[in-house]
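Residue numbers (our numbering): 484 to 917.
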């Protein structure tokens, strides 16, 4: 077979579709060459880039603003030619803000011959973002028009499984010039983060870029720890328990000093803490209550919770507790008393506000002031059910409240422990990360 038509002319119409269908059969029978089929019924399409965060001023219809860590941004477009590792092409979506909105990605394509003007493109796979429906893309001078073409995520499942971390793959196909045969386009891999809602302080969406934008290196942990959780309380509880039980952290029994804050308790050394999580280095595994409250607040707020690190005090006596990393219930090495204690708190850090404490576990039985001890993770537990009550409190004590289970049952314990508020230097208990 031969043709006198110009190499770059892209034909269309019903007769040409039928012609190309017949030609595809002949191709499968090896009666015509691939080059002949491509010349008359196909073209060469290339994917050049994909942008998930194509509107950095909002996060309702696209991915949210993110960065890798303190020093490194996430480039936009997130995927470009040559990237094959999912973690190198990240995107994050907030369930609350995207709910009910049309979510799109944008992609750039190139085509040859440059005279080709249209192509059909679709994609299978996509995991939580779903497959991409067939779409006709227009070209001019070999480049898609507009340069970045919108694809709606009609089949996404954002929110169905709560918080999520998933590596996805899109397998794309294209068809050009009225041809009947679908050709393989590049497959691309992406790491997708799904959080409950827009991350709260210290994390910021604006200005962009900013060192306090959500870090993917922290999201890798936060989304894993809170995977599947569909509300703030469950997410914060899961993160608190993970910090307490599974990271190898140990309470500073010698002095109770902070190891992961700096600048007079003003900043969170998150880069160092991520190094500890990754390879056991950073600033080591010794922590105090300020560290635990800050870690909890920072990672929980990253997935959309709204906690702040806040103090109680001052100078109160303790009943034995199980400190982070400890084998059992006891008092710290410096004695059965705290000058202050810091936790991750909700609301206005008052007596009736719930808190989350990754630093220790309290006694959860009906007599929290004596052995034997029944471990209770203090997650989403209100500070006090009986503020100002006459002491000692009666036994059995059944209320699920924090102060009464941490302090001795007298004026020097419960009577001396009261909500104080965040450290003045701590940005209202949401320490900036560095």
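For every residue, glycine included, the Cβ atom is placed at its ideal position computed from N, Cα and C.
- When beta bridges are read from the DSSP output, residue 825 appears opposite 794.
- The beta carbons of residue 860 and residue 902 sit about 20 Å from each other, so the pair does not count as a contact at 8 Å.
- Annotation: the continuous alpha helix (DSSP H) that includes residue 720 extends over 715-728.
- Scanning 532, 905, 886, 620 for the CA closest to the CA of residue 799 turns up 886.
- Around residue 617, the same chain offers 603, 604, 605 as residues with beta carbons nearer than 8 Å, after the five sequence neighbours per side are excluded.
- Residue 694 places its beta carbon 8 Å or farther from that of residue 913.
- Between the alpha carbons of residue 584 and residue 597 lies a distance of about 36 Å.
- Under the 8 Å Cβ criterion, the stretch 541-555 counts as touching the stretch 576-596, having at least three qualifying pairs.
- Bounds of the beta strand (DSSP E) holding residue 839 are 837-839.
- Straight-line measurement puts the Cα of residue 615 at about 39 Å from the Cα of residue 756.
- The alpha-carbon separation between residue 727 and residue 638 amounts to approximately 38 Å.
- When the five nearest sequence neighbours on each side are left out, the beta carbons in the same chain lying within less than 6 Å of the beta carbon of residue 736 are those of 815, 816, in order along the chain.
- By the Cβ neighbour-count rule, residue 688 is buried, with 16 or more other Cβ atoms within 10 Å of its own.
- One alpha carbon belongs to residue 600, the other to residue 630, and they sit about 13 Å apart.
- Apart from the 5 residues on each side of it in sequence, residue 679 sits with its Cβ closer than 8 Å to the Cβ of 577, 578, 579, 645, 646, 712, 713, 714, 715, 718, 786, 787, 788 in its chain, given in chain order.
- Distance check between residue 847 and each of 795, 906, 888, 619 places 888 closest, using alpha-carbon atoms only.
- Sixteen is the threshold: since fewer than 16 other Cβ atoms of the shown chains lie within 10 Å of the Cβ of residue 540, the residue is exposed.
- In chain order, 874 place their CB closer than 8 Å to the CB of residue 894, counting only its own chain and leaving out the 5 sequence neighbours on each side.
- Within the same chain, and ignoring the five residues on either side of residue 917 in sequence, the residues whose Cβ sits closer than 8 Å to its Cβ are 553, 694, 745, 750, 751, 752, 753, 754.
- One thing to note: residue 770 has its Cβ no nearer than 8 Å to the Cβ of residue 801.
- Boundaries for residue 869: no beta strand (DSSP E) harbours it, and the DSSP string shows neither H nor E there.
- By the neighbour-count criterion, in which 16 or more other beta carbons inside 10 Å mark a residue as buried, residue 696 falls on the buried side.
- Between the alpha carbons of residue 567 and residue 898 lies a gap of roughly 60 Å.
- Non-local beta-carbon contacts of residue 880 in its own chain, meaning distances under 7 Å to residues more than five positions away in sequence, involve 849, 850, 851, 887 in chain order.
- DSSP, read as helix, strand or coil, puts residue 858 in strand.
- No Cβ-Cβ contact shorter than 8 Å links residue 813 with residue 790.
- Residue 854 and residue 805 have their C-alpha atoms roughly 12 Å apart.
- Rounded to whole angstroms, the Cβ separation of residue 700 and residue 542 is 20 Å, and the two are not in contact under 8 Å.
- The C-alpha of residue 649 lies about 46 Å from the C-alpha of residue 891.
- The residues 533, 572, 671, in chain order, have a CB closer than 6 Å to that of residue 562 in the same chain once the five nearest residues on each side in sequence are set aside.
- In the displayed model, residue 516 falls within coil according to three-state DSSP, outside both helix and strand.
- When DSSP states are grouped into helix, strand and coil, residue 658 belongs to the strand group.
- According to the DSSP assignment, residue 588 belongs to the beta strand (DSSP E) that extends over 587-595.
- About 4 Å separates the beta carbons of residue 708 and residue 725, which is inside the 8 Å limit, making them a contact pair.
- Taking each of 528, 641, 692, 655 in turn and checking the Cα distance to residue 538, the smallest one comes out for 692.
- Scanning 844, 627, 839, 862 for the CA closest to the CA of residue 856 turns up 844.
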